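*Asks:* Please see the structure below; I have some questions.
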Amino acid sequence: MSAADYTRDEMMTVTAARQLRNGAVCFVGIGLPSAACNLARLTHAPDLVLVYESGTVGVQPVVLPLSIGDSELAETATCIVPLPEIFTHYLQRGRIDVGFLGAAQIDRFGNLNSTVIGDYAHPQVRLPGAGGAPEIAAYAREVLVVMKQTARSFVGQLDFRTSCGYLEGAGARQARRLPGAGPKAVITDYGVLRPDPTTDELELTALYPGVTIDSARAATGWPLRTARTPEVVPPPERRELEVLRDLHARTRAAHTRPIKIEIEVPT
Numbered sequence: 026m027s028a029a030d031y032t033r034d035e036m037m038t039v040t041a042a043r044q045l046r047n048g049a050v051c052f053v054g055i056g057l058p059s060a061a062c063n064l065a066r067l068t069h070a071p072d073l074v075l076v077y078e079s080g081t082v083g084v085q086p087v088v089l090p091l092s093i094g095d096s097e098l099a100e101t102a103t104c105i106v107p108l109p110e111i112f113t114h115y116l117q118r119g120r121i122d123v124g125f126l127g128a129a130q131i132d133r134f135g136n137l138n139s140t141v142i143g144d145y146a147h148p149q150v151r152l153p154g155a156g157g158a159p160e161i162a163a164y165a166r167e168v169l170v171v172m173k174q175t176a177r178s179f180v181g182q183l184d185f186r187t188s189c190g191y192l193e194g195a196g197a198r199q200a201r202r203l204p205g206a207g208p209k210a211v212i213t214d215y216g217v218l219r220p221d222p223t224t225d226e227l228e229l230t231a232l233y234p235g236v237t238i239d240s241a242r243a244a245t246g247w248p249l250r251t252a253r254t255p256e257v258v259p260p261p262e263r264r265e266l267e268v269l270r271d272l273h274a275r276t277r278a279a280h281t282r283p284i285k286i287e288i289e290v291p292t
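Going by the working numbering, the first residue of the sequence shown is number 26, and it counts up by one from there.
This is the structure:
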């Protein structure tokens, strides 16, 4: 299959889905992480346990949710628990295998910003904020980050550190005794970055078909290091694309369906 047969977004989603093993317990965010997790569940990982921040556990949505409060999650969940218990009895007890996160900015050590662009007191953009991301970044056994790669989002210095990756690198995370292992991979629309085992700095270890090292470096706000010979990620398989496109088509149809409202007028 050639690069003309799929989009970069589809390649990124498929690559993210492939990182998930069957039977893992995954704390899912909305958007591309949700699409990747549900693609994995519908293909190679049918026993993947999806947990959303709203307290829904074991979710098997037919369409992708618009938010963590989407009724689709509650209707297809194995159980629903109070939100505080998701963090205390699942996340902080070490029961979450994988946390899926995105952000507005990321630095070379996998630290994330989802709070503000610019000075905190006088921001250019006020972002949605932390939500549960700091706890997920700290406590999940491992973290996957999914972000489009640009020099504005992959920055040399965060405007605000919302969630920790490897802090200042070179063992700083372990020195702070954070329980989770930190970012295992950063999946972008260029390829995959993974932390160097000694310095903790993210380096480019895999590229998508047709993508060059120079183009990935140009989309990064720090001098991006690369593996000696970056792997080439296999293109999406036909079934992966069919399942993903069908999932998005069902979602579009469900969320654009006209709502009929009947109002009784007293006579």
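By construction, the Cβ of each residue, glycine as well, lies at the ideal position given by its N, Cα and C atoms. Owing to the predicted nature of the structure, the values given are computational and were not obtained by experimental measurement.
Let me know if glycine 196 comes out buried or exposed under the rule of 16 or more other beta-carbons within 10 Å of its beta-carbon.
*Replies:* Result: exposed.
*Asks:* Which class does arginine 198 belong to by DSSP, given the choice of helix, strand or coil?
*Replies:* Helix at arginine 198.
*Asks:* For leucine 126, I'd like the list of residues in its chain whose CB is within less than 8 Å of its CB, leaving aside the five on either flank, ordered along the chain.
*Replies:* Correct list, in chain order: Gly54, Pro58, Leu137, Ala158, Ile161, Ala162, Val168, Leu169, Val170, Val171 and Ser188.
*Asks:* I'd like to check one pair, alanine 128 with glutamate 265: are the Cβ atoms closer than 9 Å?
*Replies:* Going by C-beta atoms, glutamate 265 is not nearer than 9 Å to alanine 128.
*Asks:* Tyrosine 215 and alanine 176 look like a contact to me (Cβ under 8 Å); what is the Cβ gap, rounded to whole Å?
*Replies:* Going by Cβ atoms, the distance from tyrosine 215 to alanine 176 rounds to 12 Å, so no, they are not a contact pair.
*Asks:* In the DSSP output, which residue or residues are listed as bridge partners for serine 188?
*Replies:* Answer is Leu137.
*Asks:* Buried or exposed: which applies to serine 96, given that a residue is buried once 16 or more other Cβ atoms fall within 10 Å of its Cβ?
*Replies:* It is exposed - the Cβ of serine 96 has fewer than 16 other Cβ atoms within 10 Å.
*Asks:* Can you pull the DSSP bridge partners for proline 220?
*Replies:* Proline 220 is bridged to Leu227.
*Asks:* Using 10 angstroms around the beta-carbon of glutamine 130, count the other beta-carbons present and answer buried if the total reaches 16, otherwise exposed.
*Replies:* With 16 or more Cβ atoms within 10 Å of its Cβ, glutamine 130 is classed as buried.
*Asks:* Using the DSSP secondary-structure output, state which residues sit across from phenylalanine 125 in a beta bridge.
*Replies:* DSSP, once it has assigned bridges, lists Leu169 as partnering phenylalanine 125.
*Asks:* Just the C-alpha distance for glycine 156 and leucine 232, rounded to the nearest angstrom, thanks.
*Replies:* The alpha-carbon atoms of glycine 156 and leucine 232 are separated by roughly 31 Å.
*Asks:* What residues in its chain sit with their C-beta under 6 Å from that of alanine 61, if we drop five residues either side in the sequence?
*Replies:* The residues are Thr38, Ala41 and Ala42.
*Asks:* Using the three-state DSSP reduction, which class does leucine 232 fall into: helix, strand or coil?
*Replies:* Residue state, collapsed to three classes: strand.
*Asks:* Label valine 268 either buried or exposed according to how many other C-beta atoms from any shown protein chain fall within 10 Å of its C-beta, with 16 as the threshold for buried.
*Replies:* Label assigned to valine 268: buried.
*Asks:* Compute the Euclidean distance between the alpha carbons of valine 106 and tyrosine 191, then round it to the nearest angstrom.
*Replies:* Distance between the alpha carbons of valine 106 and tyrosine 191: 31 Å.
*Asks:* Give the DSSP-derived three-state secondary structure of threonine 113 in the structure shown.
*Replies:* Helix.
*Asks:* Mind checking leucine 249: buried by the 16 CB within 10 Å criterion, or exposed?
*Replies:* Buried, because 16 or more other Cβ atoms sit within 10 Å of the Cβ of leucine 249.
*Asks:* Where does arginine 151 fall in DSSP's three states?
*Replies:* Strand.
*Asks:* By the DSSP assignment, the beta strand (DSSP E) with valine 50 in it spans what residues?
*Replies:* Segment 50-53, the beta strand (DSSP E) holding valine 50.
*Asks:* Taking the CB atoms as reference points, tell me whether threonine 101 and valine 87 lie closer together than 9 Å.
*Replies:* Cβ atoms of threonine 101 and valine 87: closer than 9 Å.
*Asks:* Compute the beta-carbon to beta-carbon distance between valine 150 and phenylalanine 185, rounded to the nearest angstrom, for a pair I have assumed lies under 8 Å.
*Replies:* Incorrect: roughly 11 Å between the Cβ atoms, too far for contact.
*Asks:* From the DSSP secondary-structure annotation, give me the bridge partner or partners of glutamate 256.
*Replies:* Ala231.
*Asks:* Grab the span of the alpha helix (DSSP H) containing proline 159 for me, first residue to last.
*Replies:* 158-164 is the span of the alpha helix (DSSP H), which, as asked, contains proline 159.
*Asks:* For alanine 210, which three-state DSSP category applies?
*Replies:* It is a strand residue.
*Asks:* With DSSP as the reference, label arginine 105 as helix, strand or coil.
*Replies:* The sequence shown places isoleucine at residue 105, not arginine. Looking at isoleucine 105 - three-state DSSP - the assignment turns out to be strand.
*Asks:* Does histidine 207 pass the burial test, meaning 16 or more other C-beta atoms within 10 Å, or should it be called exposed?
*Replies:* First, the amino acid is wrong: residue 207 is glycine here, not histidine. Classification for glycine 207: buried.
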